[in-house]
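Q: Residue numbers for the sequence shown follow our numbering, so the first one is 8 and each next one is one higher.
Built from N, CA and C at the ideal position, the CB exists for glycine as well.
Everything numeric in this text was worked out from a predicted model, so none of it was measured.
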Amino acid sequence: MEIRQLRAFVAIAESGTFTAGAQRVHVTQAAISMQIRQLENELGAKLFVRAPRRVILTEAGEHLMHRARLILREHDAAQDEIAELAGAERGRLRIGSASAMVTIEQLPKILREMRKQHALAEVTVGSGTSESLVQQILAGELDLAFVSLPVEARGIQTERLNEDQLVAIASPRHRLAKQRTVSAYTLAG
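1) For D150 and R101, which I take to be in contact (beta-carbon distance under 8 angstroms), what is that distance rounded to the nearest angstrom?
2) Since S104 sits in a beta bridge, which residues does DSSP pair it with?
3) Evaluate the contact criterion for the segment 50-64 versus the segment 23-31: three or more CB pairs, one atom per stretch, below 8 angstroms.
4) Could you give the DSSP three-state label for R31: helix, strand or coil?
5) Excluding the 5 residues preceding and the 5 following V132 in the sequence, name in chain order all residues of the same chain whose CB lies nearer than 6 angstroms to its CB.
6) List the residues that DSSP assigns as beta-bridge partners of F3.
7) Taking the straight line between their C-alpha atoms, what separation do you get for A184 and A177?
8) When DSSP labels each residue in this structure, what does E159 get in the three-state scheme?
9) So if DSSP puts E129 in a beta bridge, which residue, or which two residues, is it bridged to?
10) Are S104 and S134 closer than 8 angstroms when you measure CB to CB?
11) Measure from the alpha carbon of V130 to the alpha carbon of each residue in T188, A15, Y192, D87, then state which is nearest.
12) Exposed or buried, R14, counting other C-beta atoms within 10 Å across all chains shown (16 or more means buried)?
13) Going by other Cβ atoms of all chains shown within 10 Å of its Cβ, with 16 needed for buried, is Q12 buried or exposed?
14) Please determine, among G68, A195, R99, the residue with the shortest C-alpha to C-alpha distance to H5.
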């Protein structure tokens, strides 16, 4: 069993498809399929059942998922500790972004600045909902994330980067389209 196989397995299980899992770990679908086939052969058990447009974990897959997350967390922690000894420039930074929270221009600018300051560091960027990214931070799977506030989780430090104005749009034929302002209460009802 190899770390890359476990990463592939977890990526597929969390994303629900081989295609999305492959994108997440930056390999081709053929490569990730081969990794899973090798893992299943080594374990002597099927890990996934293929359903229309998604995969489902088998009982063996469910058991492995729990262990794989623990193994990957420990593996990543060990790498981080050793990288710390070598200095922050060689470390790893795992970033998550809720797509609606960071404009097209902001995230690349932030990443460019980080690359300048830590040229040898491995930086990975993933996406998800604000809620899922907070859970990944709590689980030690991400180092930082760009999310919408409020974050109501203990042990997470937040810093406001900007404020966005939310607006409601409607078809010109909608009953609220002629009103200049609409309250949240009116939208909810």
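A: Judging by the given coordinates:
1) 5 angstroms
2) S134, F153
3) yes
4) helix
5) I102
6) Only positions 8 to 196 of the chain appear in this structure, which leaves residue 3 out of reach.
7) 6 angstroms
8) coil
9) R99
10) yes
11) D87
12) buried
13) buried
14) The chain is shown only over 8 to 196; residue 5 falls outside these bounds and no answer can be derived.
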